[in-house]
Structure formats: structure tokens, C-alpha cells
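Heads up, the thing below is written out as C-alpha cells.
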Ligand code: MN3
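In the working numbering, the protein residues as written are 21 to 232.
Dropping the structure here:
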């Protein structure tokens, strides 16, 4: 099978009390696994099966019409969740570190302002989707949100495009067992899980890929 479910890079209970163990099992072992399986079914026997997931979500316009929706939803799901596990860690959170800290100050005027804008984007996403911090075409960071499993690499398809430095999953499957309908509480608590080292790595990758 060309696309594979990456193992969770820490224990299932490692993000407690912010994200509970049962949610992590369901989210990784069932939801993410389903995106990978469905993506493999949709791309089986096609050249898209040999692309990296990054390349695939950047080139959805190359996918034939009859497969594009399946690849958009499940390829997006695979990319987004692979990113999501990476940019969290046990003992995470705190103030931004490294180059991203400066970029946050330059683009938002400070971390508190970023959190306010990001949480608002997450609360404001009707139904299911993601809140993101992207590198925009002007090279600055910006907060956007996308519906479903779209992501900002899907140029020509997503509502907002750019390089996704990090994002938070606001589908109910990400938080409902612990937070029920309290999405704002989940968004606030989630900052205690972020892995600034991994976010700095993605920031550098994004700057390189955008030619800046
Ligand atoms: Mn999810």
C-alpha cells in the first residue's frame, strides 16, 4: 500500500489532560486510518499512488474528475492528520520559541493576538474543518480556516492558500468525548500541546518551498 498511517509519535495518553487517551485512539487508529485506506483505494493503479502526500495535495487539479473528490477528502485527511500529530507533543505549549516567535510578533503583534485570531477562526468554522497558521504569498503569517479536510496547499481549490505551518482540527471527532459542544474550551486548551520545535521546522520548510 503506497500511503501509510504513520505511528503516533508519543503515547496515546501523552497529551492528557488536554486531549484524552480514548480520543487519541479513535482519532489516529480509526479516523486517520480510514483516510489512508480510502486514499489508497482511490489512487490504486494510478500514478497518484506514487506521489508523496505533499505533492498529491498540491496537484489535485491533475486528478481525474471521477476521483478528485475522494482524493481531496482523503488525501487532505491524510496530510492534515500527519501534520497534526507532529506539531503536538507531551509537555508542549508555552511561549513560541525560535524563528516562529519573531514571525508571530512581526505578523500579529504578539502571541496573544495570534491565539485570539486563531481561536476565533476555529470557533467560526461552521461544521467541520481546520484552523491554520499559513505563510501567505506576501511571506507573512496569516490565520485562515478551511472546511472539511481541505488545506491551504490545495491551490485553486481551497478557500485560502499558502503554506500550512500548523493547524488545529475542529472536527467534533477531535474533541467531542472530552469537551462535548465546548469547542472554544478545546481550542484554548490545545495550545498546551503545541510542539514549537516541530512548528519551527515546518516554518523553515515552508519558507524554502515558497522561495523565501
Ligand atoms: Mn481529525
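Every residue, glycine too, gets a C-beta built ideally from N, C-alpha and C.
Spatial neighbours of residue 59 within its chain, please: C-beta separation below 6 Å, excluding the five flanking residues on both sides. Start at 1 with the first residue of the chain shown, and residue 59 comes out as number 39. Hits under 6 Å: 23, 94, 95, 98.
Short Cβ contact (7 Å threshold) for residue 154 with residue 183: Here the question's residue 154 lines up with position 134 in the chain shown. Here the question's residue 183 lines up with position 163 in the chain shown. Contact annotation: residue 154 and residue 183 have beta-carbon atoms nearer than 7 Å.
Ligand 1 and residue 194: does the residue's C-beta get closer than 6 Å to at least one heavy atom of that ligand? For the purposes of this step, residue 194 is taken as the residue at position 174 of the chain shown. At a cut-off of 6 Å, the beta-carbon of residue 194 counts as near ligand 1: some heavy atom of the ligand is closer than that.
Is it right to say residue 82 is buried, meaning 16 or more other beta carbons lie within 10 angstroms of its own, or is it exposed? Taking the chain shown and counting its residues from 1, one reaches residue 82 at position 62. By the 10 Å Cβ count, residue 82 comes out exposed.
Using 7 Å as the threshold, is the C-beta distance between residue 149 and residue 190 below it? The residue given as residue 149 occupies position 129 in the chain shown. The residue given as residue 190 occupies position 170 in the chain shown. Yes, Cβ-Cβ distance for residue 149 and residue 190 is below 7 Å.
Taking the Cβ atom as the reference point for each residue, do residue 123 and residue 80 lie within a distance shorter than 7 Å? Stepping through the chain shown from its first residue, residue 123 is reached at position 103. Stepping through the chain shown from its first residue, residue 80 is reached at position 60. Taking C-beta atoms as the reference points, residue 123 and residue 80 fail to come closer than 7 Å.
Would you give the residue range spanned by the beta strand (DSSP E) that residue 188 belongs to? Start at 1 with the first residue of the chain shown, and residue 188 comes out as number 168. 183 to 189 is the span of the beta strand (DSSP E), which, as asked, contains residue 188.
I need the straight-line Cα distance from residue 87 to residue 168, nearest angstrom please. One-based indexing of the chain shown puts residue 87 at position 67. One-based indexing of the chain shown puts residue 168 at position 148. The alpha-carbon atoms of residue 87 and residue 168 are separated by roughly 17 Å.
Say whether the region 69 to 76 touches the region 31 to 46, bearing in mind that this needs 3 or more beta-carbon pairs closer than 8 Å, one atom from each stretch. Here the region 69 to 76 does not lie against the region 31 to 46, with fewer than 3 beta-carbon pairs under 8 Å apart.
Let me know the secondary structure DSSP gives residue 110 once reduced to three states. What you label residue 110 is simply residue 90 of the chain shown in a count that begins at 1. DSSP, reduced to helix, strand and coil, places residue 110 outside both helices and strands of the structure shown, so it counts as coil.
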